[in-house]
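The working numbering applies: residue 4 is where the sequence shown begins, and numbers increase by one. Using N, Cα and C, we set each Cβ at its ideal position, and we do this for glycine too. Being a predicted model, the structure only gives us computed values, none of them experimental. Here the structure comes first, spelled out in structure tokens, and everything after it is commentary.
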Amino acid sequence: MTRSDTAEAPFILVTNDDGIHSPGLHAVVKAVCDLGEVMVVAPRQQQTGASRSYPPVRDKAVYREEIPVNCQTVTAYGVEASPAQAVLAALLDLAPRPPRLLISGINFGENVGTSVTNSGTVGAAIEAASFGVPGLAVSVETPQEFHYQPSDAVDFTAAAAFTRRFAQIVLTGGLPAGVDILKIEVPSDATPETPWRMARVSRQRYYVPLPSGRRSLGEQKGIGYTRVINWDTLETDSDVRALAVERVVSVAPLTIDLTARVDLDELATDLQGRDQG
4 MTRSDTAEAP FILVTNDDGI HSPGLHAVVK AVCDLGEVMV VAPRQQQTGA SRSYPPVRDK
64 AVYREEIPVN CQTVTAYGVE ASPAQAVLAA LLDLAPRPPR LLISGINFGE NVGTSVTNSG
124 TVGAAIEAAS FGVPGLAVSV ETPQEFHYQP SDAVDFTAAA AFTRRFAQIV LTGGLPAGVD
184 ILKIEVPSDA TPETPWRMAR VSRQRYYVPL PSGRRSLGEQ KGIGYTRVIN WDTLETDSDV
244 RALAVERVVS VAPLTIDLTA RVDLDELATD LQGRDQG
């Protein structure tokens, strides 16, 4: 991957965590395929909640896939792997040159609050960002029943329109220093004309895990989850408020620098003053 795309169409990599046959991924391809050369490399199976994981991979083959979108510029591959591993396969083995943009999504279900660290949609974008590739991680609010069962019943019109808008923005001028990913959350009732605003990732969990209710060790029950919002402590500038209260499109800038936003010298002085070692 040594060639520059300065004299060629921008190279766009598309992936997701719902699997390569997800209508949400197909909506992305349809929305951006005329903006450049598009390659799809995505998990062949459902990988929701995979985060940036690197699980063991038994089937290491790459499979050519057909995307049911009328775009002649699209090449698609499926891998039996996590979203982050799909990005690795793309960047290290399959891409003809470095992408100008990674688009992950469109995900079935919103990724807001501290639950974003569970998200395979966000995990794929983080993996690309670690290689210096700016990314969009796009999700649409859906009923919980669709989180693991992608369906054509979900309308991606608005989410696809915002994906295209922000893809054009990033392809034109990149992302500013310190921003690696734009995490975009689209309300279920949004239209292409719905306003958008910048937001911070809420410190609330949003998706709260539930006890399995198992009565014996051998009982086949898993941990579930439900949506919980603490309205009394919900931050006014958060992605949760933008989505759930204001019903606007939330655009949260993410960085792969996980360092806490504190003065390191002051923190060192504080900790040294309490260090009894």
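Of the candidates 265, 230, 96, 230 places its Cα closest to the Cα of residue 208.
Residue state for residue 253 is assigned as strand, using DSSP reduced to three classes. Within the segment 7-70, the complete alpha helix (DSSP H) runs of at least 4 residues fall at 26-35.
In chain order, 254 place their CB closer than 6 Å to the CB of residue 201, counting only its own chain and leaving out the 5 sequence neighbours on each side. Across the set 112, 213, 16, 135, the C-alpha of 16 shows the shortest separation from the C-alpha of residue 92. Secondary-structure assignment with DSSP links residue 81 through a beta bridge to 45, 66. Using a 10 angstroms sphere on the CB of residue 112, the tally of other CB atoms reaches 16 or more, which defines it as buried. In the DSSP assignment, residue 200 falls within the beta strand (DSSP E) that extends over 199-201. Counting along the chain, the unbroken beta strand (DSSP E) around residue 212 starts and ends at 209-213. Bridge partners of residue 187 according to DSSP: 141, 254. By the neighbour-count definition (other C-beta atoms within 10 Å, threshold 16), residue 69 is an exposed residue. Residue 44 and residue 225 have their alpha carbons spaced roughly 30 Å apart. Residue pairing from DSSP places residue 228 in a beta bridge opposite 212. Counting other Cβ atoms within 10 Å of its Cβ, residue 87 reaches 16 or more and is therefore classed as buried. DSSP, read as helix, strand or coil, puts residue 172 in helix. In the three-state reduction of the DSSP assignment, residue 129 falls in the helix class. With three or more CB-CB distances shorter than 8 Å, the segment 99-115 counts as touching the segment 27-37. Using a 10 angstroms sphere on the CB of residue 265, the tally of other CB atoms stays under 16, which defines it as exposed.
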